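Following: one structure in structure tokens, then a few remarks.
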Amino acid sequence: MTGKTSGSKQAIRSRVLANRSQRSPSEQQQAAALLRDRVLALPEVQAADTVAVYRSLPDEPGTDPLLEVLHARGVIVLLPLLQPDLTLVWAAHSPGHERLNPKGIREPTSPPLGPQALTAASVVICPGLAGDLQGHRLGRGAGCYDGALASLDHSELRCLLLYDDEVLDAVPADSHDQPVDVLITPTRTLRVSVARG
């Protein structure tokens, strides 16, 4: 492991966001290409008809290269639409048909499919700020993805994209925090040991 726990969620968030702000555009682009290749190498992704992916913010591990390949392969890609109450509904990705939401996140302009559309995805690619080998995921604190994942039946593969230094020895977790199955960094694919169900 390359990181350590800091004890508090807010302290980890602050440290990770500070580190991310120091990454150069070329470093981010290289990481996005490596992450794409690691995600596409997963057998579950190779077999998937429908994959849910997030549209990365400028400071997040990039998903644009992954979206391009999945779409080119004919995979149905679901992207989240953030609602005013911070819940997520989903819409199909269609290149070139996007708008910025009030938080500056690119979202598809295709018709919303509702929150239940996520159940069609056999793989869910999640954003986050840190993760550990127990499957704990630390997000930004709004609970959007925890709420969405909580509605699923645990048959899907949950993947968390991170930079290498964001894999920690331990991430603090509360009872409502939803676990992930795989941590993916530019250099590693880590299957975690987590009991779900």
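Residue 102 in my numbering sits at position 92 of the sequence shown; the count goes up by one each step and never skips.
By construction, the Cβ of each residue, glycine as well, lies at the ideal position given by its N, Cα and C atoms.
Predicted model only: the values in this text are computed from it and were never measured.
Reducing DSSP to helix, strand and coil, say where residue i ends up.
| i | result |
| --- | --- |
| residue 129 | helix |
| residue 157 | helix |
| residue 150 | coil |
| residue 57 | coil |
| residue 19 | helix |
| residue 116 | strand |
| residue 88 | strand |
| residue 176 | helix |
| residue 108 | strand |
| residue 28 | helix |
| residue 49 | helix |
| residue 181 | coil |
| residue 143 | coil |
| residue 170 | strand |
| residue 190 | coil |
Please say whether residue j and residue i have beta carbons closer to each other than 7 Å?
| i | j | result |
| --- | --- | --- |
| residue 62 | residue 134 | yes |
| residue 91 | residue 137 | no |
| residue 179 | residue 197 | no |
| residue 195 | residue 172 | yes |
| residue 118 | residue 108 | yes |
| residue 145 | residue 190 | yes |
| residue 89 | residue 65 | yes |
| residue 40 | residue 72 | no |
Leaving out the 5 sequence neighbours to the left and right, which residues in its chain are closer than 8 Å to residue i when beta-carbon positions are compared?
| i | result |
| --- | --- |
| residue 97 | 125, 154, 157 and 158 |
| residue 163 | 129 |
| residue 13 | Confidence in residue 13 is poor, its pLDDT being 46 and thus under 50, which makes the residue's placement unreliable; the coordinate value appears in the next sentence. Contacts found: 140, 175, 176, 177, 178 and 179. |
| residue 161 | 125, 126, 128 and 129 |
| residue 188 | 147, 155, 156, 159, 160 and 168 |
| residue 113 | 92 |
| residue 30 | 69, 70 and 173 |
Could you tell me which of the options sits nearest to residue i, measuring between CA atoms?
| i | options | result |
| --- | --- | --- |
| residue 67 | 48, 115 and 111 | 115 |
| residue 78 | 108, 46 and 101 | 46 |
| residue 28 | 70, 185 and 41 | 70 |
| residue 127 | 150, 87, 111 and 143 | 87 |
| residue 85 | 99, 110, 50 and 65 | 50 |
| residue 20 | 203, 188, 202 and 181 | 181 |
| residue 132 | 23, 30 and 59 | 59 |
| residue 42 | 185, 111 and 74 | 74 |
| residue 18 | 32, 192 and 184 | 184 |
Regarding residue i and the ligand FMN, is the C-beta to nearest heavy atom distance less than 6 Å?
| i | result |
| --- | --- |
| residue 124 | The model depicted lacks the ligand FMN and carries no ligand whatsoever. |
If you drop the 5 nearest sequence neighbours on each side, which residues of the same chain put their C-beta closer than 7 Å to that of residue i?
| i | result |
| --- | --- |
| residue 120 | 101, 102, 104 and 107 |
| residue 81 | 87, 103 and 105 |
| residue 48 | 194 and 199 |
| residue 5 | Nothing can be reported for residue 5, as the shown portion of the chain is limited to 11 through 207. |
| residue 111 | 92 and 117 |
For residue i, I'd like the list of residues in its chain whose CB is within less than 6 Å of its CB, leaving aside the five on either flank, ordered along the chain.
| i | result |
| --- | --- |
| residue 143 | 202 |
| residue 76 | 46 and 49 |
Taking one C-beta from the stretch 161-171 and one from the stretch 48-60 each time, how about it: are there three or more such pairs within less than 8 Å? yes
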